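A.B. asks: Let me begin by handing over the structure; questions about it come next.
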Amino acid sequence: QVQLVESGGGLVQPGGSLRLTCTASRSILSFNVMGWYRQAPGKECELVSEITRGGSTNYADSVKGRFAISRDGAKNTVYLQMNSLKPEDAAVYYCNAKVIATSTYWGQGTQVTVSS
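Under the working numbering, residue 117 is the last one in the sequence shown; the count climbs by one each step, no gaps.
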C-alpha cells in the first residue's frame, strides 16, 4: 500500500510563503503523475499543480507565477513552494499520485490558512 505523507502547512499572513512537502513510501518515479490538490470549505476539490514522470509541470491559472512544484527523486519527495499567498489560497492541500489507468493515491491533507 502506498503512503503519501504531507507536511508544511500552517498559518501565514497574506503575501507570505509556505513550502509543502509530500513524501511517498516508494519511488516517486513509479508514478505517472504527482500533484497537489486543494479543497476549501464549501468548494470542490481542485488541481493546484502537477508534475509528470518526465518532469512536465502544470498549474491552475489562479496560482501561476506564485506556486512552483518540484521533486527530489532521491528523497521520494514532491514539493509545492507557495509564494505571495492570498486568503483565497486557504484550503486543505492534498498530495496525489497516479499510476494511469491503474491506481490513485492520496495523502491525509495539510491545512493552509492565510490570514492577518
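Virtual Cβ for every residue (Gly too), placed ideally from N, Cα, C. Predicted model, so just to flag it, every value in this text is computed and none were measured.
Please report the distance separating the alpha-carbon of Val49 from that of Tyr38.
C.D. replies: On the sequence shown, position 48 is the one that residue 49 refers to. On the sequence shown, position 37 is the one that residue 38 refers to. When rounded, the distance between both Cα atoms is 5 angstroms.
A.B. asks: Please report the residue range of the beta strand (DSSP E) in which Thr111 lies.
C.D. replies: Position 110 of the sequence shown holds residue 111. Looking at the DSSP string, the run of the beta strand (DSSP E) that includes Thr111 is 111-115.
A.B. asks: Can you tell which of Val100, Lys99, Val93, Thr105 has the C-alpha that lies nearest to the C-alpha of Thr111?
C.D. replies: Residue mapping note: residue 111 aligns to position 110 of the sequence shown, counting from 1. It is Val93 whose Cα lies nearest to the Cα of Thr111.
A.B. asks: Hey, how far is the Cα of Ala102 from the Cα of Glu45?
C.D. replies: If you number the sequence shown from 1, residue 102 lands on position 101. If you number the sequence shown from 1, residue 45 lands on position 44. Looking at the two C-alpha atoms, the distance is approximately 23 angstroms.
A.B. asks: Indicate the three-state DSSP secondary structure (helix, strand or coil) for Gly11 in the structure shown.
C.D. replies: Translated into positions along the sequence shown, residue 11 becomes position 10. If DSSP states are grouped into helix, strand and coil, Gly11 belongs with the strands.
A.B. asks: List the DSSP bridge partners of Cys96.
C.D. replies: On the sequence shown, residue 96 is found 95 positions in, with the first residue counted as 1. Bridge partners of Cys96: Trp37.
A.B. asks: Do Arg27 and Val3 have their C-beta atoms closer together than 8 angstroms?
C.D. replies: The sequence position of residue 27 within the sequence shown is 26, counting from 1. The sequence position of residue 3 within the sequence shown is 2, counting from 1. For Arg27 and Val3, yes; Cβs fall inside 8 angstroms.
A.B. asks: By the DSSP assignment, the beta strand (DSSP E) with Glu47 in it spans what residues?
C.D. replies: Sequence index remark: in the sequence shown, residue 47 carries index 46 (1-based). Glu47 -> beta strand (DSSP E) spans 47-53.
A.B. asks: With a 10 Å radius around its C-beta and 16 neighbouring C-beta atoms as the bar for buried, classify Gly11 as buried or exposed.
C.D. replies: Within the sequence shown, numbered from 1, the residue matching residue 11 stands at position 10. Its Cβ having fewer than 16 others within 10 Å, Gly11 is exposed.
A.B. asks: State the DSSP-derived secondary structure class of Ala25, mapped to helix, strand or coil.
C.D. replies: As a working note, residue 25 is residue 24 in the sequence shown. Strand at Ala25.
A.B. asks: Does the Cβ-Cβ distance between Val79 and Arg72 come in under 8 angstroms?
C.D. replies: One-based indexing of the sequence shown puts residue 79 at position 78. One-based indexing of the sequence shown puts residue 72 at position 71. Result yes, Cβ atoms of Val79 and Arg72 sit closer than 8 angstroms.
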